[in-house]
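Step one of this worksheet: look at the structure below.
Protein chains: 2
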Amino acid sequence: MTVRDELLSAAARVYAEAGYRGATTRRIALAAGVNEITLFRHFGSKDTLLREALARCQDPHSAELLPETPSHPMAELLAWAGSHITDMRARQALIRTCMGEFAEHPGLFVPENSGPVRAARALTQYLTRLRQRGLARAEFDPSAAAALLIGTLFADAMGRDIMPDLYANQPEKALKEYIALFLRGIGADPKPRGAAR
Amino acid sequence: MTVRDELLSAAARVYAEAGYRGATTRRIALAAGVNEITLFRHFGSKDTLLREALARCQDPHSAELLPETPSHPMAELLAWAGSHITDMRARQALIRTCMGEFAEHPGLFVPENSGPVRAARALTQYLTRLRQRGLARAEFDPSAAAALLIGTLFADAMGRDIMPDLYANQPEKALKEYIALFLRGIGADPKPRGAAR
DNA sequence: CGTTCCTGTAAGCAACTACTTGCGCACTTC
DNA sequence: GAAGTGCGCAAGTAGTTGCTTACAGGAACG
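So the protein lines, in turn, are chains A and B.
Each residue of the first sequence is one higher than the one before, starting from 0 at the first, in numbering that gives the first Met the number 0.
Each residue of the second sequence is one higher than the one before, starting from 0 at the first, in numbering that gives the first Met the number 0.
Have a look at this one:
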């Protein structure tokens, strides 16, 4: 790993746990194991470094994909939502900090490409197909339903450790409950009668 | 309003939009319209002031209450969730900042008394009664269902302005959709057949 | 009138911030 | 062997931070 990459990853790490003001150039340089002057030689300013570091954090998403054509909603949604919520939990600190500082530093975080927004797009599409294929009620609004499920997963991932009272169930059990309630809500019976084909 | 109250409210305001590090004593004093020295005379330190200011922000909750005995779930939940989400939107900046800085300053924010946790407790109770009275399916888990609905409302209140793509519907329409999906999910038919009594 | 309480003003403290300049050392490339 | 490149080290800039000390004015109350 080059010094440059070391600095970028350290910047993201320190920013996630200390915020913009707390991510001082000294602290970032220390975390990267390089001299503070080297930081300025590579990026010129703290702002440039953080901008680049956070931009790099947004792309990689090895999350599970929803199938083009739905067939077993329960299994498909469980796997997808599970990988999605796991991903969010891993980025929890960064996401929380970005949210908290969005009003003050809007440019650092690009909501359009964020995990939740992309997930919601994929889910809306999936739900629309589900409806088209008659696997769900016709009356519900896919985008509102997507917002409901994504919001539930997001809040769980962000709030479970802070508010244990609110999240009494184990993570996996909670996820199953969410999906079951959700599928019932959109009129896709969680218990398939006989194998579809 | 006494100088002391002026300082407390200014502290909460400045903290909400600038965070702990950004809420400098000079800035708070300026916002309160008093001298910076007066701040120290009253509270001794920045930390004491912020702690007191944020503690005061947590109590007041004039939110609508859920009825002791459920009778019209759709109407009752709509009114309750509406007032709850409105309240959260009003405190959006403060909540976001608290969340973002919770890891760094845990003492400033007491999750047990926070709006969402109290709301979840009330909702869990309401749902349990709903089930007991046979107004909903017997198989769902009230606490998981409460986490689902609260999470949905929380994410909507926090994310709607940041991620307009995710929240395509108007706030009120979205809320109706959420509640309808939710009631279907727990097996409480959103369309009551004939007036209950 | 005198005392006490609350507030403002002036000045300053040490510590930390982002960022700069200048020098030297080790390595690679020609 | 010369030239460049990438990095660390020492020192220092001006500005901001939380917080302090010393002094003065004005209002309330005895």
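Ideal Cβ placement from N, Cα and C applies to all residues, glycine included.
Just so you know, these numbers come straight off a predicted model, no measurement behind them.
Classification of A/P72 by the beta-carbon crowding that lies within 10 angstroms, buried from 16 upward: With a 10 Å radius around the Cβ and a threshold of 16 neighbouring Cβ atoms, A/P72 comes out buried.
Partners in chain A for B/V116, counting only beta-carbon separations shorter than 7 Å: What B/V116 touches in chain A: M162, D164, L165.
Min CB distance B/P110 to chain A below 8 Å: The beta carbon of B/P110 sits closer than 8 Å to some beta carbon of chain A.
Straight-line Cα distance separating A/G18 from B/T96: The alpha-carbon atoms of B/T96 and A/G18 are separated by roughly 11 Å.
Given A/D46 as reference, the closest of A/G106, A/E75, A/G99, A/A102 once Cα atoms are compared: Cα-wise, what sits closest to A/D46 is A/G106.
B/R20 - containing alpha helix (DSSP H), residue span: Run containing B/R20: 2 to 21, per the alpha helix (DSSP H) assignment.
Straight-line Cα distance separating B/R183 from B/L48: In a straight line, the C-alpha of B/L48 is about 47 Å away from that of B/R183.
Close beta carbons around A/L65, own chain, < 6 Å, minus the five adjacent residues each side: Beyond the five residues adjoining it in sequence on each side, A/L65 comes within less than 6 Å, by CB distance, of W79, A121, Y125 in the same chain, given in chain order.
Selection of the segment 7 to 30 of chain B by Cβ proximity to chain A, strictly under 8 Å: Residues of the segment 7 to 30 of chain B that bring their beta carbon within less than 8 Å of a beta carbon in chain A comprise E16, A17, G18, R20, G21, in sequence order.
Buried/exposed call for A/R132, threshold 16 Cβ in 10 Å: In summary, A/R132 is exposed, with fewer than 16 beta-carbon neighbours lying within 10 Å of its beta-carbon over all protein chains present.
Chain A contact for B/S113 (CB, 8 Å cutoff): The Cβ of B/S113 sits closer than 8 Å to at least one Cβ of chain A.
Validate contact between the segment 84 to 104 of chain A and the segment 26 to 41 of chain A using beta carbons, cut 8 Å, 3 pairs: Verdict: no, contact absent.
Within-8 Å CB hit, A/A146 to chain B: Using a Cβ-Cβ cut-off of 8 Å, A/A146 counts as an interface residue toward chain B, since at least one Cβ of chain B sits closer than that to its own.
Separation of A/G32 from B/A137, as counted between CA atoms: Spanning the alpha carbons of B/A137 and A/G32 requires a straight line of approximately 58 Å.
Beta carbon proximity, A/A195 to chain B, threshold 8 Å: Model confidence at A/A195 stands at a pLDDT of 41, short of 50, so the residue's coordinates are unreliable; what they give is reported in the following sentence. Cβ-Cβ to chain B under 8 Å: no for A/A195.
Exposure of B/T123, with buried meaning 16 or more beta-carbon neighbours within 10 Å: B/T123 comes out buried.
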